[in-house]
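Enquirer: Numbering (UniProt numbering), first residue to last: 1 to 288.
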């Protein structure tokens, strides 16, 4: 009870008596002694706790040695190799359980979602098989033979749909058609827009640089063109890194109502910077 709480009171008892209250501001000697003892105890505990939590040089040396010991003890996990083709050819192995569904569900978004969690492990040789399994192990997303092949090939080509560490734009829409100002554009299973139905020209060009201004001149030289409709058309790098396509801006360029996308320019730059990890995508038919 605080000093401020001690007031002059009278409490009736069953015998009609009471007790003599303390005068306001007066504190019992016993209470005073107890309060001081509690304060001293709290202070001792605080100091003791502080001492426990204070690092000493000996502690730091011991912990440093333990850290090095743990880091140096690398354990090897041996996981049997997973052969996807063998599993598909031998269903009796019961290694995966597939579900055949309508081709309308031929999407790779769930495959990506599953593999995201294991991305940091994917480069370990003993776990590469797990990535391949994701293509057919997701309930409700196993495709018919044609669609399944396309998704499987796209997955094996670029499992996380990334180029130079960046996600392919709109790759989460793989397998879907999106509405552009100039019409619907199909996003293929690799995550790239298919502009071939709208292309006026499609041509293979040697020595593409990834620079549109330079590469459109090379394409026009191959085609023997002197000019084109710059107001409505634009040159697009196909993701094969070898082809240039003359396509309408209203399907290609965001400013004109086209589809936001990653193009072949990014592939060309990636392949130049990563000769040990070349990305190869199928080329479209030429249209001269």
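Every residue gets a Cβ at the ideal spot worked out from N, C-alpha and C, and that includes glycine.
Counting pairs of beta carbons, one from the stretch 224-234 and one from the stretch 261-281, are three or more of them closer than 8 angstroms?
Expert: no
Enquirer: Might you give, ordered along the chain, the residues of its own chain that have their beta carbon closer than 6 angstroms to the beta carbon of residue 194, omitting 5 neighbours on each side?
Expert: Along the chain shown, one-based indexing puts residue 194 at 194. Taking C-beta separations shorter than 6 angstroms and ignoring five residues to either side along the sequence, the partners of residue 194 in its chain run 186, 188, following chain order.
Enquirer: Please confirm whether residue 238 and residue 264 have their CB atoms less than 9 angstroms apart.
Expert: Residue 238 sits at position 238 when you count from the first residue of the chain shown. Residue 264 sits at position 264 when you count from the first residue of the chain shown. Yes. Within cutoff.
Enquirer: Between the C-alpha atoms of residue 167 and residue 62, what's the straight-line distance to the nearest angstrom?
Expert: Sequence index remark: in the chain shown, residue 167 carries index 167 (1-based). Sequence index remark: in the chain shown, residue 62 carries index 62 (1-based). Their Cα atoms are separated by approximately 44 angstroms.
Enquirer: Which whole-angstrom value describes the C-beta separation of residue 199 and residue 247, a residue pair presumed to lie in contact below a C-beta threshold of 8 angstroms?
Expert: Walking along the chain shown from the start, residue 199 turns up at place 199. Walking along the chain shown from the start, residue 247 turns up at place 247. Confirmed, about 5 angstroms.
Enquirer: Does residue 287 come out as helix, strand or coil in the three-state DSSP assignment?
Expert: For this step, residue 287 is matched to residue 287 along the chain shown. Three-state DSSP puts residue 287 in a strand.
Enquirer: Let me check understanding here. Comparing Cα to Cα, which of 155, 277, 180 lies closest to residue 250?
Expert: As a first step, residue 250 must be located in the chain shown, where it is residue number 250. It is 180.
Enquirer: List the endpoints of the continuous alpha helix (DSSP H) containing residue 246.
Expert: Here residue 246 corresponds to residue number 246 of the chain shown, with the count starting at 1. No alpha helix (DSSP H) contains residue 246, which is instead part of the beta strand (DSSP E) from 243-248.
Enquirer: Between the C-alpha atoms of residue 292 and residue 192, what's the straight-line distance to the nearest angstrom?
Expert: Since the first residue of the chain shown is 1 and the last is 288, residue 292 is not available in this structure.
Enquirer: Going by DSSP, what residue range makes up the alpha helix (DSSP H) through residue 222?
Expert: Position 222 of the chain shown, counting from 1, holds the residue named residue 222. From DSSP, the alpha helix (DSSP H) with residue 222 extends over 212-223.
Enquirer: Determine, using beta carbons only, whether residue 288 and residue 217 come nearer to each other than 9 angstroms.
Expert: Residue numbering aside, residue 288 sits at position 288 when the chain shown is read from its first letter. Residue numbering aside, residue 217 sits at position 217 when the chain shown is read from its first letter. Inclusion of residue 288 and residue 217 in the CB contact set at 9 angstroms is not warranted, their separation being larger than that value.
Enquirer: Rounding to the nearest angstrom, what Cα-Cα distance links residue 190 and residue 245 in this structure?
Expert: Numbered from 1 along the chain shown, position 190 holds the residue referred to as residue 190. Numbered from 1 along the chain shown, position 245 holds the residue referred to as residue 245. Taking the straight line from one Cα to the other gives about 18 angstroms.
Enquirer: On a Cα-Cα basis, can you pick out the residue from 169, 164, 49 that is closest to residue 275?
Expert: Here residue 275 is taken as the residue at index 275 of the chain shown, counted from 1. Closest option to residue 275, Cα to Cα, is 164.
Enquirer: Is the beta carbon of residue 210 sitting closer than 9 angstroms to the one on residue 174?
Expert: For the purposes of this step, residue 210 is taken as residue 210 along the chain shown, with counting starting at 1. For the purposes of this step, residue 174 is taken as residue 174 along the chain shown, with counting starting at 1. Against a cut-off of 9 angstroms, the Cβ pair of residue 174 and residue 210 comes out as no contact.
Enquirer: Tell me which same chain residues have a C-beta within less than 6 angstroms of the C-beta of residue 169, skipping the five on either side of it?
Expert: By one-based count along the chain shown, residue 169 stands at place 169. Cβ within range, chain order: 260, 261, 262.
Enquirer: To the nearest angstrom, report how far apart residue 43 and residue 58 are at their CA atoms.
Expert: Along the chain shown, one-based indexing puts residue 43 at 43. Along the chain shown, one-based indexing puts residue 58 at 58. One Cα belongs to residue 43, the other to residue 58, and the distance between them is close to 26 angstroms.
Enquirer: Note down, in chain order, each residue of its chain lying with its Cβ closer than 7 angstroms to the Cβ of residue 145, except the 5 sequence neighbours on either side.
Expert: Against the chain shown, residue 145 aligns to sequence position 145. Interpretation of residue 145 is limited by its pLDDT of 40, a score under 50 that renders its predicted location unreliable; the figure taken from the coordinates is listed afterwards. Cβ neighbours of residue 145 beyond the five flanking positions: none.
Enquirer: Work out the CA separation of residue 242 and residue 219 for me, nearest whole Å.
Expert: Numbered from its first residue, the chain shown carries residue 219 at position 219. Numbered from its first residue, the chain shown carries residue 242 at position 242. Cα to Cα, residue 219 sits roughly 10 angstroms from residue 242.
Enquirer: Going by DSSP in three states, residue 167 sits in which element: helix, strand or coil?
Expert: The sequence position of residue 167 within the chain shown is 167, counting from 1. DSSP places residue 167 in strand when its eight states are reduced to three.
Enquirer: Identify whether residue 278 lies in helix, strand or coil by the three-state DSSP scheme.
Expert: Indexing the chain shown from 1 puts residue 278 at position 278. It is coil, neither helix nor strand.
Enquirer: Does residue 230 come out as helix, strand or coil in the three-state DSSP assignment?
Expert: Locating residue 230 in the chain shown gives position 230, counting from the first residue. Coil at residue 230, not helix or strand.
Enquirer: Return yes when the Cβ of residue 286 is within less than 9 angstroms of the Cβ of residue 212, no when it is not.
Expert: The residue you call residue 212 lines up with position 212 of the chain shown. The residue you call residue 286 lines up with position 286 of the chain shown. Taking 9 angstroms as the cut-off, the beta carbon of residue 212 is found no closer than this to the beta carbon of residue 286.
Enquirer: Among residues of its own chain, excluding the 5 on either side of residue 182, which ones have a beta-carbon nearer than 6 angstroms to its beta-carbon?
Expert: Residue mapping note: residue 182 aligns to position 182 of the chain shown, counting from 1. So the list reads 248, 250, 251, once near-sequence residues are dropped.
Enquirer: Could you tell me whether the Cβ atoms of residue 215 and residue 280 are closer together than 9 angstroms?
Expert: As a first step, residue 215 is located in the chain shown; it is residue number 215 there, counting from the start. As a first step, residue 280 is located in the chain shown; it is residue number 280 there, counting from the start. Contact: no.
Enquirer: Taking just the CA atoms, how far does residue 284 sit from residue 153?
Expert: Position 153 of the chain shown, counted from the start, is the residue given in the question as residue 153. Position 284 of the chain shown, counted from the start, is the residue given in the question as residue 284. A straight line joining the alpha-carbon of residue 153 with that of residue 284 spans about 17 angstroms.
Enquirer: Where does residue 159 land, buried or exposed, given buried means 16+ other C-beta within 10 angstroms?
Expert: By 1-based counting over the chain shown, the position of residue 159 is 159. Buried, since its Cβ has 16 or more Cβ neighbours within 10 Å.
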